[in-house]
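Asks: Sharing a structure, written as structure tokens. Questions coming.
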Amino acid sequence: MAETTTAPALTATEVTMAYRTRRGHTVVALDRVSLDVRRGEFVSLIGPSGCGKSTLLYILGGLRRQTSGEVALDGQRITGPTPRKVGFVFQDYTLFPWRTIISNVEVGLEFRGVGRKERREHAAYNLDLVGLGAFANAYPGELSGGMQQRVAIARALSMDPEILLMDEPFGALDEQTRTVLGEELARILEKTGKTIVFVTHSLSEAVFLSDRVVVMSARPGRIKEILTVAEPRPRQPAFSTSQSFTDLRNGLFDLLHEEVRAATLAEMSGAGIGGDGGRRG
Amino acid sequence: MARRERLTVVAIQLGLAAVVLAVWVYQTRAGRVSPILLPQPERVLDEFPDLVRDPVFWGSLRTTALELAGAFAVAAVAGLLVGVVVGRWAPAARVATPLLAWAQTVPIILFYPICILLFGIGPMSKVAFGGFYGFFPIAANTVLALSTVPPRYLTAAAALGASRRQTVTRVLIPAARPLILSGVRLGAALCLIGVLAGELLGSTEGLGYQIASSSGSFRTPELYAYIFVALVLVAIFNLAITRADDRNAQV
């Protein structure tokens with residue numbers, strides 16, 4: 002299931018993102034970033050806060066326009082959201098609180114104009130896939146944060162996209178919940194065979210889930226190094242206590258540590274113009 | 002459990018009403034209060050058969066109800082219209098928000114004499130004044146509701162392929178609805194105050210006018226009867242607004 006073909010599904014070529022802050026400074030969030038994501042591959046983006054990893058994800062999804070460079074999906078330039086091919090799972094809770102869970106999961110199909118019966122079936126299938134079929138008629142406010150993010154995953158999956166872009170989907174959850182959800186995600190993804198780009202702050206999460214981990218540098222965001230995780234998929238919980246896991250995690254820690262240090266020092270001296278637009282890493 | 006709690010609450014409320022009534026009966030029986038200030042309860046009760054037979058009473062009730070409906074229509078339509086236009090355009094929202102908030106602290110009753118000059122002493126001035134009174138909270142809440150819809154909902158809608166129209170009807174409006182409805186509820190209450198105060202201060206018909214005139218001629222039992230009728234009308238109106246809200250919220 003998890004085999005990756007050589008043809009890239011998603012490509013970023015020399016993507017640069019610069020913007021002006023309110024005080025008139027120009028901030029370069031991304032500096033000529035090039036990346037190929039192959040079909041079926043799981044790629045994590047990791048880096049210090051403000052390195053532009055979320056920005057890159059938004060650009061890949063067509064939700065934000067880059068200043069220069071190009072992003073393409075199956076060789077076609079991306080200029081806006083392509084909900085048929087690219088699904089999004091956001092960091093914040095973006096379920097619509099006035100809709101029931103099932104109606105949240107089917108909302109994308111509703112926007113697409115799919116008939117009521119068909120979209121409901123499709124939504125129910127995906128809700129079962131994330132293990133929340135019993136909550137179809139609940140409202141988002143009645144669910145825990147972890148459950149809401151699983152619903153958000155079902156919502157993205159129900160659009161049946163080829164590619165899933167995930168922006169720290171478990172960022173707001175506690176360590177245990179996020180470990181379990183990571184395992185869940187690994188299980189779901191094996192079933193669906195999607196291509197994933199995953200932004201995270203968690204080293205363990207990145208190593209556990211990814212085929213490749215892209216380490217980004219402190220602002221201006223550049224790709225510092227790409228780590229390959231050779232462990233076969235689907236990943237088992239036992240992997241997270243193995244020696245190879247620990248070695249990979251430690252390697253990642255060393256790579257990141259310098260960057261986080263640089264980013265923090267820059268923020269403290271004010272040279273990084275922290276605070277303006279820095280939140281979206 | 003919840004049911005029992007509710008029963009207890011209702012029982013206590015009825016008990017309080019009974020206490021008020023008992024004090025009323027006791028004080029008026031003992032003759033400690035002048036009947037011109039506070040008539041005996043049964044004297045007030047006696048007024049109702051007369052009222053029901055009196056075409057003036059029905060005319061007054063009709064006038065006030067129509068003024069109220071008109072005022073609410075003016076407030077809701079104008080408030081929502083202005084609110085939507087201003088709320089969807091960020092610079093306008095920044096200009097209008099403090100003005101609308103400030104307008105709600107102004108004693109708008111000061112403008113009532115101008116209303117009379119403009120629209121005369123008849124029902125039109127009450128519709129205009131009540132509508133003007135109710136307009137501000139509706140407009141202010143609509144602006145606030147639309148300009149504070151969390152951007153993440155709009156981003157999610159874009160990622161899920163919502164068209165412009167779908168973004169407005171399926172995301173923006175439902176997200177803003179609770180705050181808009183609370184503005185409408187507030188506006189409705191102010192329409193009521195506006196209409197009744199307008200009638201009390203200067204008019205030739207309506208419940209407010211009857212209240213003022215029976216007070217002026219010391220027909221105290223009739224005064225109390227009219228006040229009671231006005232309260233019932235207010236209760237019905239508020240119930241209607243709340244019901245409409247609840248139905249909308251269920252969508």
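Protein sequences appear in the order of chains Z and V.
Start counting the first sequence at 2; every next residue gets the next number (our numbering).
Start counting the second sequence at 2; every next residue gets the next number (our numbering).
Each residue gets a CB set at the ideal place from its N, CA and C atoms; glycine is no exception.
Can you tell me the Cβ-Cβ gap for residue 88(Z) and residue 158(Z), rounded? I've got them flagged as a contact below 8 Å.
Replies: In the first sequence, the residue the question calls residue 88(Z) occupies position 87. In the first sequence, the residue the question calls residue 158(Z) occupies position 157. Indeed they touch by this definition, with Cβ atoms about 7 Å apart.
Asks: Can you pull the DSSP bridge partners for residue 42(V)?
Replies: Along the second sequence, one-based indexing puts residue 42(V) at 41. Answer by DSSP bridge pairing: none, since residue 42(V) is not bridged.
Asks: I'd like the list of long-range same chain contacts for residue 108(Z), defined as Cβ closer than 8 Å, with 5 residues on each side in sequence excluded.
Replies: Sequence index remark: in the first sequence, residue 108(Z) carries index 107 (1-based). Result list for residue 108(Z): 97, 100, 156, in chain order.
Asks: Quick check: the segment 129-145 of chain V against the segment 56-67 of chain Z, are there 3 or more CB pairs under 8 Å?
Replies: No contact exists between the segment 129-145 of chain V and the segment 56-67 of chain Z.
Asks: Can a CB atom of chain V be found closer than 8 Å to the CB of residue 108(Z)?
Replies: Indexing the first sequence from 1 puts residue 108(Z) at position 107. Yes, because at least one Cβ of chain V sits closer than 8 Å to the Cβ of residue 108(Z).
Asks: For residue 248(Z), which option in 229(Z), 221(Z), 195(Z), 237(Z) has the closest C-alpha, if you only look at C-alpha atoms?
Replies: By 1-based counting over the first sequence, the position of residue 248(Z) is 247. If we check each option's Cα against that of residue 248(Z), 229(Z) comes out closest.
Asks: Give the C-beta separation of residue 188(V) and residue 148(V) to the nearest angstrom, bearing in mind that I take them to be a contact with Cβ-Cβ under 8 Å.
Replies: By one-based count along the second sequence, residue 188(V) stands at place 187. By one-based count along the second sequence, residue 148(V) stands at place 147. Going by Cβ atoms, the distance from residue 188(V) to residue 148(V) rounds to 18 Å, so no, they are not a contact pair.
Asks: Does DSSP put residue 263(Z) in a helix, in a strand, or in coil?
Replies: Within the first sequence, numbered from 1, the residue matching residue 263(Z) stands at position 262. Here residue 263(Z) sits in helix by DSSP.
Asks: Please list the partners that residue 148(Z) has in chain V, where partner means a Cβ-to-Cβ separation under 7 Å.
Replies: By 1-based counting over the first sequence, the position of residue 148(Z) is 147. Those within 7 Å of residue 148(Z) in chain V number zero; the least Cβ separation is about 17 Å.
Asks: Ordered along the chain, which non-local residues of its own chain (more than five positions away) have a Cβ less than 6 Å from that of residue 79(Z)?
Replies: Translated into positions along the first sequence, residue 79(Z) becomes position 78. For residue 79(Z), where only same-chain residues beyond five positions count, the Cβ hits under 6 Å are 63, 72.
Asks: In chain order, what residues of the same chain lie with their CB nearer than 6 Å to the CB of residue 170(Z), ignoring the 5 residues before and after it?
Replies: One-based indexing of the first sequence puts residue 170(Z) at position 169. Answer for residue 170(Z): 90, 150, listed in chain order.
Asks: For a contact defined as C-beta to C-beta under 8 Å, what are the partners of residue 84(Z) on chain V?
Replies: On the first sequence, residue 84(Z) is found 83 positions in, with the first residue counted as 1. Ordered by position in chain V, the residues that pass the 8 Å Cβ test against residue 84(Z) are 160, 161, 162.
Asks: Is the beta carbon of residue 214(Z) sitting closer than 8 Å to the one on residue 208(Z)?
Replies: Here the question's residue 214(Z) lines up with position 213 in the first sequence. Here the question's residue 208(Z) lines up with position 207 in the first sequence. Closer than 8 Å, so yes.
Asks: Should residue 23(Z) be flagged as near chain V, meaning a C-beta pair shorter than 8 Å?
Replies: Walking along the first sequence from the start, residue 23(Z) turns up at place 22. It does not: the Cβ of residue 23(Z) has no partner Cβ on chain V nearer than 8 Å.
Asks: With a threshold of 7 Å (Cβ to nearest heavy atom), would residue 13(V) be considered close to the ligand PLP?
Replies: For the ligand PLP, the structure offers nothing, since it holds no ligand at all.
Asks: What are the residues of the segment 148-175 of chain Z that lie near chain V, defined by any Cβ-Cβ distance shorter than 9 Å?
Replies: Listed by position along the chain: 153, 156, 157, 160, 166.
Asks: Taking just the CA atoms, how far does residue 80(V) sit from residue 43(V)?
Replies: The residue given as residue 43(V) occupies position 42 in the second sequence. The residue given as residue 80(V) occupies position 79 in the second sequence. For residue 43(V) and residue 80(V), the distance between alpha carbons rounds to 44 Å.
Asks: Roughly how many angstroms separate the alpha carbons of residue 114(Z) and residue 269(Z), rounded to a whole number?
Replies: Reading the first sequence from its first residue, position 113 is the one you call residue 114(Z). Reading the first sequence from its first residue, position 268 is the one you call residue 269(Z). Rounded to whole angstroms, residue 114(Z) to residue 269(Z) spans 50 Å at the Cα level.
Asks: With a cut-off of 8 Å, does the C-beta of residue 64(Z) fall near any C-beta of chain V?
Replies: Stepping through the first sequence from its first residue, residue 64(Z) is reached at position 63. With 8 Å as the cut-off, residue 64(Z) counts as an interface residue toward chain V.
Asks: So with CB distances below 7 Å, who are the chain Z contacts of residue 154(V)?
Replies: Position 153 of the second sequence, counted from the start, is the residue given in the question as residue 154(V). The contacting residues are 95, 97.
Asks: Where does residue 146(Z) land, buried or exposed, given buried means 16+ other C-beta within 10 angstroms?
Replies: Walking along the first sequence from the start, residue 146(Z) turns up at place 145. So residue 146(Z) ends up on the exposed side.
Asks: Taking the continuous beta strand (DSSP E) assigned at residue 167(Z), which residues delimit it?
Replies: Within the first sequence, numbered from 1, the residue matching residue 167(Z) stands at position 166. 164-168 is the extent of the beta strand (DSSP E) around residue 167(Z).
Asks: Count the CB pairs spanning the segment 41-58 of chain V and the segment 108-116 of chain V that are closer than 8 Å, and state whether there are at least three.
Replies: With a cut-off of 8 Å, the segment 108-116 of chain V and the segment 41-58 of chain V do not count as touching, because too few Cβ pairs lie within range.
Asks: Got a sec, what are the start and stop residues for the beta strand (DSSP E) residue 27(Z) sits in?
Replies: Walking along the first sequence from the start, residue 27(Z) turns up at place 26. Note, residue 27(Z): beta strand (DSSP E), 27-39.
Asks: Would you please state the rounded distance, in angstroms, between the beta carbons of residue 46(Z) and residue 198(Z)? I believe it to be under 8 Å.
Replies: Walking along the first sequence from the start, residue 46(Z) turns up at place 45. Walking along the first sequence from the start, residue 198(Z) turns up at place 197. About 7 Å; that satisfies the 8 Å criterion.
Asks: Could you give the first and the last residue of the continuous alpha helix (DSSP H) run that contains residue 54(Z)?
Replies: Taking the first residue of the first sequence as 1, we reach residue 54(Z) at position 53. From DSSP, the alpha helix (DSSP H) with residue 54(Z) extends over 54-61.
Asks: Counting along the chain, where does the alpha helix (DSSP H) carrying residue 180(Z) start and finish?
Replies: As a first step, residue 180(Z) is located in the first sequence; it is residue number 179 there, counting from the start. Counting along the chain, the alpha helix (DSSP H) containing residue 180(Z) begins and ends at 176-193.
Asks: Is the CB of residue 211(V) under 8 Å away from at least one CB in chain Z?
Replies: For the purposes of this step, residue 211(V) is taken as the residue at position 210 of the second sequence. Answer no: the Cβ-Cβ gap between residue 211(V) and chain Z never drops below 8 Å.
Asks: Considering only the alpha carbon of each residue, which of 252(Z), 189(Z), 50(Z) lies closest to residue 200(Z)?
Replies: Walking along the first sequence from the start, residue 200(Z) turns up at place 199. Among 252(Z), 189(Z), 50(Z), the Cα nearest to that of residue 200(Z) belongs to 50(Z).
Asks: What whole-angstrom Cβ distance do residue 69(V) and residue 230(V) have, given they're in contact under 8 Å?
Replies: Residue mapping note: residue 69(V) aligns to position 68 of the second sequence, counting from 1. Residue mapping note: residue 230(V) aligns to position 229 of the second sequence, counting from 1. Going by Cβ atoms, the distance from residue 69(V) to residue 230(V) rounds to 13 Å, so no, they are not a contact pair.
Asks: In the DSSP assignment, find the alpha helix (DSSP H) that holds residue 9(Z) and state where it starts and stops.
Replies: Within the first sequence, residue 9(Z) is the residue found at index 8, counting from 1. Premise fails: residue 9(Z) lies in the beta strand (DSSP E), 9-21, not in any alpha helix (DSSP H).
Asks: Thinking residue 9(Z) and residue 38(Z) are a contact (beta carbons under 8 Å), I'd like their distance in whole angstroms, please.
Replies: Residue mapping note: residue 9(Z) aligns to position 8 of the first sequence, counting from 1. Residue mapping note: residue 38(Z) aligns to position 37 of the first sequence, counting from 1. With 8 Å as the limit, residue 9(Z) and residue 38(Z) qualify as a contact, their Cβ atoms being about 6 Å apart.
Asks: In chain V, which residues lie less than 8 Å from residue 113(Z) when you measure between Cβ atoms?
Replies: Counted from its first residue, the first sequence places residue 113(Z) at position 112. Here the neighbours are 162.
Asks: Roughly how many angstroms separate the alpha carbons of residue 74(Z) and residue 61(Z), rounded to a whole number?
Replies: Taking the first sequence and counting its residues from 1, one reaches residue 74(Z) at position 73. Taking the first sequence and counting its residues from 1, one reaches residue 61(Z) at position 60. Distance between the alpha carbons of residue 74(Z) and residue 61(Z): 9 Å.
Asks: Between the alpha carbons of residue 222(Z) and residue 157(V), how many angstroms are there, rounded?
Replies: For the purposes of this step, residue 222(Z) is taken as residue 221 along the first sequence, with counting starting at 1. For the purposes of this step, residue 157(V) is taken as residue 156 along the second sequence, with counting starting at 1. Cα to Cα, the separation comes out at about 25 Å.
Asks: Could you pull the start and end residues of the alpha helix (DSSP H) that residue 20(V) belongs to?
Replies: Translated into positions along the second sequence, residue 20(V) becomes position 19. Where residue 20(V) is concerned, the enclosing alpha helix (DSSP H) stretches over 3-30.
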